Amino acid sequence: MAVSIDFTGKRGVVFGVANQRSIAWAISERLAEAGAELAFTYLNERLKEPVEKTTAKLKNSLLLQCDATQDDQVEAVYDHIKNEWSEIDFVVHCIAYAERDDLGGDFSSTNIQGFRTALETSAYTLMPVVGKASTLFGESGGSVITLTFDASQRVYPGYNIMGTAKAALENEVRQLAVEFGNRNIRVNAISAGPLPTLAARSIPGFRDMTRAHRERSPLQRNINHQEVADTALFLLSPMSSGITGAVLPVDAGYGIVAL
Ligand code: NAD
Numbered sequence: 011m012a013v014s015i016d017f018t019g020k021r022g023v024v025f026g027v028a029n030q031r032s033i034a035w036a037i038s039e040r041l042a043e044a045g046a047e048l049a050f051t052y053l054n055e056r057l058k059e060p061v062e063k064t065t066a067k068l069k070n071s072l073l074l075q076c077d078a079t080q081d082d083q084v085e086a087v088y089d090h091i092k093n094e095w096s097e098i099d100f101v102v103h104c105i106a107y108a109e110r111d112d113l114g115g116d117f118s119s120t121n122i123q124g125f126r127t128a129l130e131t132s133a134y135t136l137m138p139v140v141g142k143a144s145t146l147f148g149e150s151g152g153s154v155i156t157l158t159f160d161a162s163q164r165v166y167p168g169y170n171i172m173g174t175a176k177a178a179l180e181n182e183v184r185q186l187a188v189e190f191g192n193r194n195i196r197v198n199a200i201s202a203g204p205l206p207t208l209a210a211r212s213i214p215g216f217r218d219m220t221r222a223h224r225e226r227s228p229l230q231r232n233i234n235h236q237e238v239a240d241t242a243l244f245l246l247s248p249m250s251s252g253i254t255g256a257v258l259p260v261d262a263g264y265g266i267v268a269l
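If you're matching positions, the sequence shown starts at 11 in our numbering and goes up one per residue.
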């Protein structure tokens, strides 16, 4: 018997839709199917049109500009949402970026600017996104998810500075879970296997990663967007009420295999 998760009457903010292949979009479609109302952010004017096109089929959704490395822009998003909805139930953080030059090549040649860009965008942004959202969650609390990758723990040549950023992000998940746990605000990460998206295209070893996951994972295949979206719904819903500060792998088991 199929078990469905009902998000009727629930509202949330999704950071990180760029196009139809975005993991954030797969999650959003499932959330909308389950009855949720969504607010989306787009990074800049260049991305406005593709994000508008992607999200247009979801009625009643909000669309707001936000560079999440700018605290005032994150604040403005939540101010706008507070005026529209007064409260939210969940937040989806799917934000990552590193300079192309810092993906591939020697990790040690990453310069301070490249380090800052990757860490500020891919790790720092979770802090204001959760911190400022905390004032919009109601008495029953809320749930936040972010997306990470196994390169936080193990070396994937080419992923370079993004591995450092994901390690920082996962640490933030634990610290935020502790900070907001007493208000029943849960913070978790999904560690997804490789999926073909805009961000993934700029990782030089991406095809090797995909092949290795397919050949060596216990399930002997790659994961798909839908599997990440289903796990996201679980983590955003009360079905996962006892889980916080966790990094949940959706990787066909690749992370447990040594050889
Ligand atoms: P994507 O390119 O579709 O999404 C990345 C998003 O980050 C884009 O929407 C982009 O606009 C946004 N972004 C970048 N800088 C921003 C900023 N300063 N402020 C606000 N938004 C900003 O790619 P994706 O693969 O769907 O990535 C989503 C998340 O999933 C990322 O954290 C990524 O590291 C993670 N992830 C991806 C994979 C994969 O194989 N694709 C695997 C594991 C984890």
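Think of the CB as a built atom: it goes at the ideal place given N, C-alpha and C, for glycine as much as any other residue.
Just so we're clear, the structure is a prediction, and the values are computed from it rather than from any experiment.
Identity of the residues DSSP links to residue i by a beta bridge
i, result
"proline 259", "Ser201"
"alanine 49", "Val23, Leu72"
"serine 153", "Phe100, Arg196"
"glycine 148", "Gly151"
"threonine 158", "Ser201"
Beta-carbon proximity list for residue i, same chain, < 7 Å, skipping 5 on both sides
i, result
"isoleucine 33", "Cys104, Leu157, Ala202, Leu205, Thr207, His235, Val238"
"lysine 92", "Leu146"
"threonine 64", "Val27, Asn29, Gln30, Trp35"
"proline 214", "Leu113, Gly114, Gly168"
"glutamate 94", "Leu72"
"glycine 263", "Ser227, Pro228, Leu229"
Cβ-based burial, residue i [other Cβ within 10 Å; buried from 16]
i, result
"glutamate 39", "buried"
"isoleucine 266", "exposed"
"threonine 135", "buried"
"glycine 19", "exposed"
"glutamate 55", "exposed"
"valine 165", "exposed"
"methionine 219", "buried"
"valine 188", "exposed"
"leucine 269", "exposed"
"aspartate 89", "exposed"
"leucine 41", "buried"
"asparagine 192", "exposed"
"serine 14", "exposed"
"arginine 196", "buried"
Close beta carbons around residue i, own chain, < 8 Å, minus the five adjacent residues each side
i, result
"asparagine 70", "Glu47"
"alanine 133", "Ala175, Lys176, Ala178, Leu179, Glu182"
"aspartate 261", "Asp160, Ser201, Ala202, Gly203, His223, Ser227, Ile233"
"glutamate 97", "Arg21, Leu146, Phe147, Gly148"
"cysteine 76", "Phe25, Thr51, Tyr52, Leu53, Gln83, Val84, Ala86, Val87"
Cut-off 6 Å between Cβ atoms - residues of its own chain near residue i, not counting five sequence neighbours on either side
i, result
"proline 138", "Asp81, Val84"
"valine 61", "Val27, Tyr52"
"alanine 256", "Asn198"
Proximity test, residue i beta-carbon vs the ligand NAD heavy atom, cut-off 8 Å
i, result
"aspartate 77", "yes"
"proline 204", "yes"
"asparagine 29", "yes"
"threonine 158", "yes"
"glycine 141", "no"
"phenylalanine 216", "yes"
"alanine 209", "yes"
"lysine 63", "no"
"tyrosine 88", "no"
"threonine 241", "no"
"tyrosine 264", "no"
"lysine 92", "no"
"phenylalanine 125", "no"
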